[in-house]
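Chains as they are written, first to last, in our numbering: chain A, 5 to 157; chain B, -19 to 125.
Right, one structure below, let's go through it.
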Amino acid sequence: VLRLFLILVLLVPAAWAQEVLPREKAQKQKQLKQQQRENDIVERLLAMPPRQRERLLSQLPEERRRRILARLEVLELLSPEERGQLRGRFDAFSAFPPPRQRLLRRELQNLRNLQRPEVRRRRLAELKASGQFSEEEMQLLYEVSGAPPPPEE
Amino acid sequence: MTCFTENNADLLIAYFEHTLPADERAAVEAHAAKCADCGGLLAAHALMSEAPAPVVSTDFDARLYARIREDQAKPWYVGMWHFSHWKFAIPVAAVAAMLAVGVFLSQPQPAIDTQTKAESIDVQQLEQALDDLELLTPLAEASNI
């Protein structure tokens, strides 16, 4: 009986690893691909001639279309280096699971609403102390805020 | 004498056509009188000879040749519509159709060009990506987007 129990104890985690882990991995990859597609949409539109871009969006209501076109034009104005950095941040952001992305979006918006740099720095210090964001997530928040991360204690 | 049923058909036909010399004819009849098979054959032939022949109309030949001439006088394309001329074409057409279907199915589907792909853009996805890019733009620059 004990031997049987030991076999079961060993087999169950192995079966779980066989079944669940690949599924979770596949789900993560699917999610990453989805995020990459979203960014690819922007890249594709940026690569198009303006007339083709306008024709593509022509079915949209005027206001919505104009807003999208304006945002694309601003992205076009970025230097290749700035665009590369933005893309890098977007890819890093896309790699987080959707619940973490939602949290990050909320915090990024919150930081954006803080006008004064010292208030933003204080907020970032609070977030770091609270431990609610991982190292990578904090890195992203620092980069977007334009504030250098505090030296390690 | 060899039996009629054993490779002596020529002799039998000559007997029926009355072209055999009298002595051979007598030999055949003598053999048939002794052989049941050959006697049966001669009796069957005699029975058929007595049967009345169908009456053929007097102008049968004239009408037949007239019809042949009429067919020969028709233009070539009229005859082309006759089914017998197209019988050979049916299997050829079937094979050609199968080949055509095979070739069509083996062709790779034409790739959707960039423009068509782009036209399937999900606007909500696009707006979400633009929102995220805006959020991820460093604060000094973000105010522009």
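Yeah, the Cβ is synthetic: ideal placement off N, Cα and C, and Gly gets one too.
If you're wondering where the values come from, they're calculated on a predicted model, not measured in any experiment.
(request) Please report how far the alpha carbon of L6 (chain A) lies from the alpha carbon of R27 (chain A), in whole angstroms. (result) Spanning the two alpha carbons is a distance of roughly 32 angstroms.
(message) Measuring straight from C-alpha to C-alpha, what distance separates N(-13) (chain B) and A13 (chain B)?
(response) A straight-line Cα-Cα distance of about 19 angstroms links N(-13) (chain B) and A13 (chain B).
(message) Pop quiz: I45 (chain A) and A109 (chain B) are said to be a contact at Cβ under 8 angstroms. What is the actual Cβ separation, rounded to whole angstroms?
(response) For a cut-off of 8 angstroms, the C-beta gap from I45 (chain A) to A109 (chain B) is around 6 angstroms, short enough to register as a contact.
(message) Can you check whether the C-beta of Q143 (chain A) is within less than 8 angstroms of a C-beta belonging to chain B?
(response) No, Q143 (chain A) lies away from the interface with chain B (no Cβ there is under 8 angstroms from its Cβ).
(request) Quick one: residues in its chain with C-beta nearer than 7 angstroms to the C-beta of A91 (chain B), no 5 flanking neighbours on either side, listed in chain order? (result) Its pLDDT being 48, under 50, A91 (chain B) is placed unreliably in this model, and the coordinates cannot settle the point.
(message) Counting only Cβ pairs nearer than 9 angstroms, list the residues of chain B close to E147 (chain A).
(response) Neighbours of E147 (chain A) on chain B, chain order: L116, P118.
(request) Would you please state the rounded distance, in angstroms, between the beta carbons of S149 (chain A) and L119 (chain B)? I believe it to be under 8 angstroms. (result) Correct: roughly 6 angstroms between the Cβ atoms.
(message) I want to see whether chain B comes within less than 8 angstroms of F97 (chain A), judged by CB atoms only; does it?
(response) At a cut-off of 8 angstroms between beta-carbon atoms, F97 (chain A) makes contact with chain B.
(request) Within the same chain, show all residues whose beta-carbon is closer than 8 angstroms to that of M52 (chain A), passing over the 5 residues directly before and after it, in chain order. (result) Same-chain partners within the cutoff: L60.
(request) Kindly indicate which three-state DSSP category K97 (chain B) falls into: helix, strand or coil? (result) Only weak support exists for where K97 (chain B) lies, its pLDDT of 47 falling under 50; the coordinates are left without a value.
(request) Go ahead and pull the three-state DSSP assignment for L112 (chain A). (result) In this structure, L112 (chain A) counts as helix in the three-state DSSP scheme.
(request) Could you spell out where the alpha helix (DSSP H) holding A23 (chain B) opens and where it closes? (result) It spans 16 to 30 - the alpha helix (DSSP H) in which A23 (chain B) sits, taken as one unbroken run.
(request) Run the CB neighbour count on L112 (chain A), radius 10 Å, all protein chains shown included, and call it buried at 16 or more, exposed below. (result) Flag for L112 (chain A) reads buried.
(message) According to DSSP, is S149 (chain A) part of a helix, a strand, or is it coil?
(response) Correct three-state label for S149 (chain A): helix.
(message) What would DSSP say about N117 (chain A), mapped onto helix, strand or coil?
(response) If DSSP states are grouped into helix, strand and coil, N117 (chain A) belongs with the helices.
(message) Can you tell me where the alpha helix (DSSP H) holding A46 (chain B) begins and where it ends?
(response) Unbroken alpha helix (DSSP H) run through A46 (chain B): 40 to 53.
(request) Measuring alpha carbon to alpha carbon, tell me which of A:L73, A:R68, A:E67 ends up nearest R57 (chain A). (result) Of the candidates A:L73, A:R68, A:E67, the residue whose Cα lies closest to the Cα of R57 (chain A) is A:L73.
(message) Tell me the rounded alpha-carbon separation between A24 (chain B) and D51 (chain B).
(response) Spanning the alpha carbons of A24 (chain B) and D51 (chain B) requires a straight line of approximately 41 angstroms.
(request) Measuring alpha carbon to alpha carbon, tell me which of A:Q143, A:M142, A:Q119, A:P102 ends up nearest Q35 (chain A). (result) Residue A:P102 is the option with its Cα nearest to Q35 (chain A).
(message) Against chain B, which members of the segment 110 to 135 of chain A pass a CB distance test of less than 7 angstroms?
(response) So the list reads L112, Q113, R116, given in the order they occur along the chain.
(request) Could you say if the segment 135 to 145 of chain A and the segment 85 to 97 of chain A meet the contact criterion of at least three C-beta pairs nearer than 8 angstroms? (result) At 8 angstroms Cβ cutoff, the stretches touch.
(message) With a threshold of 7 angstroms on Cβ separation, who are the neighbours of E66 (chain A) within its own chain once the five nearest residues in sequence on each side are excluded?
(response) Nothing meets the Cβ criterion.
(request) Would you kindly check if the distance between the Cβ of V103 (chain B) and the Cβ of L64 (chain A) is under 8 angstroms? (result) Contact: yes.
(request) Please say whether E80 (chain A) and L50 (chain A) have beta carbons closer to each other than 8 angstroms? (result) E80 (chain A) is positioned such that its CB atom lies closer than 8 angstroms to that of L50 (chain A).
(message) For R5 (chain B) and G19 (chain B), I'd like the C-alpha separation in whole angstroms.
(response) Near 14 angstroms, if we compare the C-alpha coordinates of G19 (chain B) and R5 (chain B).
(request) Compare the C-beta of R104 (chain A) against all C-beta atoms of chain B and say whether one is closer than 8 angstroms. (result) By this cut-off, R104 (chain A) is not an interface position.
(message) Does any residue of chain A have a CB that is nearer than 8 angstroms to the CB of I70 (chain B)?
(response) At least 8 angstroms separates the CB of I70 (chain B) from every CB of chain A.
(request) Determine the burial state of E30 (chain B): buried for a count of at least 16 other Cβ atoms within 10 Å of its Cβ, exposed for fewer. (result) Per the 10 Å Cβ criterion, exposed.
(request) Work out the CA separation of S62 (chain A) and R203 (chain A) for me, nearest whole Å. (result) Shown here, chain A extends from 5 to 157; a query on residue 203 (chain A) therefore has no answer.
(request) Specify, as a first and last residue, the run of the alpha helix (DSSP H) that S86 (chain B) falls within. (result) Where S86 (chain B) is concerned, the enclosing alpha helix (DSSP H) stretches over 69 to 86.
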